[in-house]
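According to the working numbering, the sequence shown is numbered sequentially starting from 104. Below is one structure, written out as structure tokens, with a few remarks after it.
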Amino acid sequence: LVIYYTVFILTIVMKGCFVGSGSEGLQQIEICNCIIKLINKIPSECNILYIGTATYDLPGPKYNQTKRFIEIGCNIIEIKCSNINNYNEYSNMKENCEIADAIIISGGNTLYAIDAWIKVGLVVHLKEAANRGVVLTGGSAGAICWFDSGHSDSDDPETYKIAMLQAAAEAEAEININNNTKNTNQV
């Protein structure tokens, strides 16, 4: 499956695989295989760039959206843009975009992600990668962001951010509780 679109923002014909749900869609081995086929390299030679800004660079969504690529031996690299005050977190963005064979954009808050990319200067590197024929992929916000328009519910980035970070903290606490329960001697 190859989808070609002429895009106003990128002003190129791009190559990509887009899914409706970022987290669920990119966990499907069929989607992973489609992306690898578009790259046209063996998995161990593939550099998959993950950009999780739309989910505030949380580790859970990254794991869910890259685990199939890890399982088949791909190299995962990452650009973090959620903390725009810490230049060290995004200083490698040009280099990572240059070596990427595919770019995965997380689902999540479309508006927050695009605003952050503009502030840190990532957009120009994404355009250059697309012009080189890098496979563009993502679900939900990760699919919408490649186009000049789309439907998104990310009207208020800060409101969504608070809810997303609270949910992540609750999930981490639950994992810690479960791990501690498993390691105790119960009578």
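Glycine is no exception: its CB is placed at the ideal position from the N, C-alpha and C atoms.
Contact belief for residue i with residue j at Cβ below 8 Å, rounded distance in angstroms
| i | j | result |
| --- | --- | --- |
| Ile151 | Ile179 | 5 Å |
| Pro146 | Gly123 | The Cβ separation is near 24 Å, so there is no contact. |
| Gly236 | Lys118 | 6 Å |
| Lys170 | Gln130 | 7 Å |
Residues of its chain near residue i, where Cβ-Cβ distance is below 6 Å and the 5 sequence neighbours each way are ignored
| i | result |
| --- | --- |
| Ile154 | Ile182, Ile208 |
| Met196 | Ile182, Leu225, His228 |
| Glu198 | none |
| Ile202 | Asn150 |
| Gly211 | Ala157, Thr158, Ala244 |
| Pro249 | The sequence given here places Trp at residue 249; Pro does not occur at that position. Leu239. |
Extent of the continuous beta strand (DSSP E) to which residue i belongs
| i | result |
| --- | --- |
| Ile206 | 205-208 |
| Tyr153 | 150-154 |
Own chain, CB closer than 7 Å to residue i, minus 5 neighbours either side, in chain order
| i | result |
| --- | --- |
| Ile138 | Cys120, Ala205, Val238, Thr240 |
| Ala219 | Thr156, Cys184, Ser185, Ile187 |
| Gly128 | Val122, Ile134, Gly242 |
| Ala296 | Since the first residue of the chain shown is 104 and the last is 290, residue 296 is not available in this structure. |
| Phe172 | Cys135, Ile151, Ile179 |
| Phe111 | Here the model assigns Phe111 a pLDDT of 40, short of 50, so the residue's position is not dependable, and the following value carries that caveat. Cβ within range, chain order: Asp251. |
| Lys140 | none |
Enclosing alpha helix (DSSP H) for residue i [first to last residue]
| i | result |
| --- | --- |
| Phe172 | 162-174 |
| Ile145 | Where Ile145 is concerned, there is no enclosing alpha helix (DSSP H), given that its DSSP letter is neither H nor E. |
| Leu225 | 225-234 |
| Gly245 | 244-247 |
| Asn178 | From DSSP, Asn178 is part of no alpha helix (DSSP H) but of the beta strand (DSSP E) over 178-182. |
| Asn199 | 196-202 |
Per DSSP, cross-strand counterpart(s) of residue i
| i | result |
| --- | --- |
| Gly241 | Phe121, Ile208 |
Sequence-distant residues of its chain with Cβ nearer than 8 Å to residue i (five each side left out)
| i | result |
| --- | --- |
| Ile142 | Cys149, Asp204, Ala205, Val238 |
| Lys144 | Asp204 |
For the 8 Å Cβ check, are there 3 or more pairs between the stretch 157-165 and the stretch 201-218? With contact defined as three or more Cβ pairs closer than 8 Å, the stretch 157-165 and the stretch 201-218 are in contact.
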